[in-house]
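**Q** Starting off with a structure, shown below.
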Amino acid sequence: MVKAAVVCSEELWQTGHGENHPLRPERLRRGYELLTAYEAFDGQHSRLIPARPATTEELLLFHSEEYVRAVQSLSHGESEYAPGRYNFGPGDNPVFEGMYELAALKVGAALVATELVTSGEADVAFSLAGGMHHARPNYAHGFCIFNDVAVIIHSMLSRGLKVAYVDIDVHHGDGVQEAFYDTDRVLTVSVHESGSFIFPGTGFVRETGQGVGRGFAVNLPLAPHTDDEVYVWAFEQVVPPLLEWFGPDVVVSQLGVDTHYLDPLAHLTLTTQGYTKVVSMIKNLAPRWIAFGGGGYEASVMPRAWTLAYGIMSDIEFPDELPPAYAAKYGPGTLRDPDKPHVEPRTKDVARRHAALAISELKERIPGLRP
Ligand SMILES: [Zn+2]
0 MVKAAVVCSE
10 ELWQTGHGEN
20 HPLRPERLRR
30 GYELLTAYEA
40 FDGQHSRLIP
50 ARPATTEELL
60 LFHSEEYVRA
70 VQSLSHGESE
80 YAPGRYNFGP
90 GDNPVFEGMY
100 ELAALKVGAA
110 LVATELVTSG
120 EADVAFSLAG
130 GMHHARPNYA
140 HGFCIFNDVA
150 VIIHSMLSRG
160 LKVAYVDIDV
170 HHGDGVQEAF
180 YDTDRVLTVS
190 VHESGSFIFP
200 GTGFVRETGQ
210 GVGRGFAVNL
220 PLAPHTDDEV
230 YVWAFEQVVP
240 PLLEWFGPDV
250 VVSQLGVDTH
260 YLDPLAHLTL
270 TTQGYTKVVS
280 MIKNLAPRWI
290 AFGGGGYEAS
300 VMPRAWTLAY
310 GIMSDIEFPD
320 ELPPAYAAKY
330 GPGTLRDPDK
340 PHVEPRTKDV
350 ARRHAALAIS
360 ELKERIPGLR
370 P
């Protein structure tokens, strides 16, 4: 029987980017509420574990000392550091009170998940609030302040573990890719909407790593309107063969669901069915597994997608009808998408050819994809 855990605490949605920011705290609260309404943590092999704040020392596994101090200072309303120097300001990365504590708690949640999985206490641990894949050592980027993913991968590398990172968020996992661009001890794979159409504008096939890391950074960019069928097919061509070739001790995955057709920030056309197929494939490839909630900005989708993902992790089959306690608050509905959007055959054909071209280029550039 698989032992699964969700790492989450209420403090994770008590402060945040504010109700008008896409990364509003409500998304997290709803995810947690749906899982608890399904009694997801009542079984013998499924647990809810609280987060703890990361220490400064742990943040320094990836971040610069100056940046950690600046976030701390800005978070407490001091004016010693210029926000713009660290990419804070109105828009994507506003300064808000308590942002240091919140960002450090997200990293701590990731570290708790890592401890659970590497100690063997859990086979899989899921940090709902995590997956801050854009943050850099010395600046904030794309809603991300501290990069929890990069911190835990560094902590596992220092213990001699081999780590594969699989990022299915609709946005390129640029911060994580960059963090391990020149090493062959971490394989990073990002499947996303092409940077020609969307933030952060990177993640092309030609980005393959450097030095000994060449061939260990892999990007599969997809065209707008890519649907379940094309996405799942493309994922299958790239990710399973790469992970089999690499043979990681641990798989870290960022399970952003901003690939969904209702998501307001991107243009892919996935449903929860395509999403869960891919999450199941990751499960089958992961000897040990640390997962992150990542992006997803449509409040009616994200809690359902995360619940479905946790169902796959924990081998729990949740009934399709949303539980009464949750439905009473947010309206009735089903856990799985009841229908799928119509994609014009011509559009679908463009998406398929875009993916096929990327895959054939990858096969030329990435040794792990050669037969
Ligand atoms: Zn995203």
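Those letters in the sequence shown? Residues 0 to 370, per numbering that gives the first Met the number 0, in order.
Each residue gets a CB set at the ideal place from its N, CA and C atoms; glycine is no exception.
Can we count glycine 255 as close to ligand 1, meaning its CB is less than 6 angstroms from some heavy atom?
**A** yes
**Q** What residues are listed by DSSP as bridge partners for valine 190?
**A** Per the DSSP secondary-structure output, valine 190 pairs in a beta bridge with Leu219.
**Q** Distance check for leucine 60 and glutamate 77, CA to CA, integer angstroms please.
**A** 25 angstroms
**Q** Out of Tyr99, Ala39, Val6, Gln43, which one is the CA nearest neighbour of histidine 16?
**A** Tyr99
**Q** Would you check whether ligand 1 has a heavy atom nearer than 6 angstroms to the C-beta of glycine 292?
**A** no
**Q** Flag valine 169 as yes when its Cβ comes closer than 6 angstroms to any non-hydrogen atom of ligand 1, and as no otherwise.
**A** yes
**Q** Check whether the Cβ atoms of isoleucine 225 and alanine 216 sit closer than 7 angstroms, and answer yes or no.
**A** In the sequence as presented, isoleucine is not what sits at residue 225; that position holds threonine. Contact flag unset, no.
**Q** Pull up the distance between the alpha-carbon of alanine 178 and that of valine 162, whole angstroms please.
**A** Whole-angstrom Cα-Cα distance: 13 angstroms.
**Q** Measure the CB-CB distance between isoleucine 311 and valine 278 and report whether it falls below 7 angstroms.
**A** yes
**Q** Tell me, which residues are paired with cysteine 143 by DSSP?
**A** Answer is His140, bridged to cysteine 143.
**Q** Within the region 281–339, note down every full alpha helix (DSSP H) run reaching 4 residues or more, in order along the chain.
**A** The region 281–339 contains these whole alpha helix (DSSP H) runs: 301–313, 323–329.
**Q** Report the rounded CA-to-CA distance for serine 74 versus glycine 107, giving the unit in angstroms.
**A** 17 angstroms
**Q** Alpha carbon to alpha carbon, what distance is there between isoleucine 144 and tyrosine 296?
**A** A straight line joining the alpha-carbon of tyrosine 296 with that of isoleucine 144 spans about 18 angstroms.
**Q** Which residues in the same chain have their Cβ closer than 6 angstroms to the Cβ of methionine 0, if we skip the five residues on either side of it in sequence?
**A** Hits under 6 angstroms: His44.
**Q** By the three-class DSSP mapping on this structure, what secondary structure does alanine 380 have?
**A** Residue numbering for the chain in the displayed model covers 0 to 370; residue 380 lies beyond these limits and cannot be assessed.
**Q** Of the choices Lys282, Leu22, Glu363, Phe234, whose alpha-carbon is the least far from that of alanine 102?
**A** The option with the nearest alpha carbon to alanine 102 is Leu22.
**Q** Quick one: what does DSSP say phenylalanine 245 is sitting in, helix, strand or coil?
**A** helix
**Q** Specify the secondary structure class of valine 256 as computed by DSSP and reduced to three states.
**A** coil
**Q** How far does the alpha helix (DSSP H) with tyrosine 445 in it reach, from first residue to last?
**A** With the chain covering 0 to 370 only, the question about residue 445 has no answer from this structure.
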